[in-house]
């Protein structure tokens, strides 16, 4: 990572960072992980650190890449960063904005004439690049077909495939997280560059930045030390911490999902990518890959998420805006087949914290590490969801009770239980092979929303009930909205 001083940061000593990771993988039952920190190279970490201060990067690693082989995680082991890949795809699109080939308000149809959503002329003819980046496009978000092949045309085939799903929401919102939309954005990149998304990512980001450990295709990733995912090996209705894990049967999602989640990277190169947004679009090696305006704009709020809970305050262009109280932050998580990743950037402190893991418990572990390191910088912990002991009112029950359904998602809320409403949740693909149906009391929260306490999670899962511009009701969880159908 030339351009970054590779040494202890002012935030935490190297040995302390290693101890933090070693304890975390034991506490959370994660086989292997890497953690990286970028912070000012010296002095006190303060909210008014000058933009020109020198940055240091420190990385640590621990555990094994694969429970079957037992091989150790190394400094340059590649982990799947999952949906953090969306930020890379957004950068590719913003480079085209910088060049004048696109604008945020360019209609998708103007670049992809065959683009359509089967039941929505509004989305077909009105969806813009901004809608894609902000998850306000209404495009089905969680379809990962294995039938489109591994050819260079698979992303183009995906755009046709996703168009056969009905719109999830009206164009413009409510925000609903959409993997499908980012594959469409990746196809826009392919058409305007005249090459595959995989080739564009290497040519326009990885190679100019000097990232030798950033790849998208298995034939490239497997030339290096690379992690295999692991899933919890007990049913998700069991409260076991840390839970035993088993290796996944599938290493990677289909190639067609590349633009939404197929980047594999080492922790060092992921940190280097994040510094683009601390240095106005300039890479650690000094090369500019994005205009300062685009780098700043990507982290600027475009959509408020305050009606969906307290986890995030809004969404920018690609980046989430997590709720760290008064401290500005942007970041993103990633989830693939048994691998979990997270990155959070505190721009006013010039701090980046990133965690790469090879188990589904890695999401909770990454949150713990981010809180620990933020605390060292004097950043207060983000607000926590607090369950209320009150019973839901008759009006609340009448509004909530019903069936909510979309592709691969089914939730039902019935009157009953200690709080007045029980939620019935079908197994989720992210739960792995041991996922089972869960029936859980729906609690009101002290923050004014709702939540359930899953047995396999250490903290509550926030839920909100929202209404779209067309009057339709939805349940929102994990920033995915599911329509009420009965």
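Numbering (UniProt numbering), first residue to last: 1 to 486. Each residue gets a CB set at the ideal place from its N, CA and C atoms; glycine is no exception. Small disclaimer: the values here were computed from a predicted structure and weren't measured.
Check	Outcome
Would you mind sorting residue 482 into buried or exposed? The rule is 16 or more other CB atoms within 10 Å of its CB.	buried
My understanding is that residue 123 touches residue 117, with C-beta atoms under 8 Å, so please give their C-beta distance in whole angstroms.	4 Å
Whole angstroms are fine: how far does the CA of residue 419 sit from the CA of residue 445?	11 Å
Decide yes or no for the touch test of the segment 182–198 against the segment 382–400: beta carbon pairs closer than 8 Å, at least 3 of them.	no
Quick check: does the Cβ of residue 479 come within less than 7 Å of any heavy atom belonging to the ligand GTP?	Absence of the ligand GTP from the depicted structure is noted, as is the absence of any ligand whatsoever, leaving it without description.
Rounded to the nearest angstrom, what separates residue 327 and residue 380 at their Cα positions?	8 Å
Would DSSP call residue 207 helix, strand or coil?	helix
Residue 144 and residue 253: beta carbons closer than 8 Å?	yes
Measuring straight from C-alpha to C-alpha, what distance separates residue 340 and residue 362?	5 Å
Going straight from the alpha carbon of residue 479 to that of residue 308, what length do you get?	7 Å
Hey, quick one: how far does the alpha helix (DSSP H) through residue 367 stretch, first residue to last?	362–376
Under a Cβ-count criterion, where at least 16 other Cβ atoms within 10 Å of its own Cβ denotes burial, should residue 72 be classed as buried or exposed?	exposed
Assign residue 86 to one of two classes, buried (16 or more other C-beta atoms within 10 Å of its C-beta) or exposed (fewer than that).	buried
Would DSSP call residue 396 helix, strand or coil?	helix
Mind checking whether residue 270 and residue 448 have CB atoms under 8 Å apart?	no
Could you say if the segment 255–275 and the segment 77–95 meet the contact criterion of at least three C-beta pairs nearer than 8 Å?	yes
At the level of alpha carbons, what is the spacing between residue 206 and residue 334?	19 Å
With DSSP run on the structure shown, which of helix, strand or coil describes residue 164?	coil
CA-CA distance, residue 234 and residue 360?	12 Å
Starting from residue 58, trace the beta strand (DSSP E) both ways and give me its first and last residue.	55–63
So the alpha helix (DSSP H) residue 465 belongs to, where does it begin and stop?	Per DSSP, residue 465 belongs to no alpha helix (DSSP H); it is in the beta strand (DSSP E), 461–467.
Near residue 56, which residues of its chain fall below 6 Å by C-beta distance, leaving aside the five closest residues on each side in sequence?	5, 7, 9, 41
Going straight from the alpha carbon of residue 22 to that of residue 349, what length do you get?	26 Å
Output the distance between the C-alpha atoms of residue 44 and residue 442, rounded to the nearest integer angstrom.	Summary for residue 44: the model assigns pLDDT 47, below 50, so the residue's position carries little reliability, and this model does not support an answer.
Just to confirm the assignment, what range does the alpha helix (DSSP H) spanning residue 219 have?	218–221
DSSP on residue 324, reduced to helix/strand/coil?	coil
Output needed for residue 187: all residues of its chain with C-beta closer than 7 Å, excluding positions within five of it in sequence on either side, in chain order.	112, 155, 156, 159
By Cβ distance, which residues of its chain are closer than 7 Å to residue 461, with the 5 residues on each side in sequence left out?	451, 452, 454, 477
Given a cut-off of 8 Å, decide if residue 12 and residue 371 are closer than it, judged by their beta-carbon atoms.	no
Do you know offhand how far residue 306's Cα is from residue 70's?	44 Å
Whole angstroms is fine: what's the gap from residue 427's alpha carbon to residue 435's?	5 Å
Starting from residue 288, follow its DSSP beta bridges and name the residues at the other end.	282
From the DSSP secondary-structure annotation, give me the bridge partner or partners of residue 176.	According to DSSP, residue 176 bridges with nothing at all.
Leaving out five residues on either side along the sequence, give the residues of the same chain with a beta carbon under 8 Å from the beta carbon of residue 225.	65, 71, 73, 74, 76, 77, 78
Can you tell which of 459, 458, 475 has its C-alpha closest to the C-alpha of residue 466?	475
Roughly how many angstroms lie between the CA atoms of residue 315 and residue 438, to the nearest whole one?	30 Å
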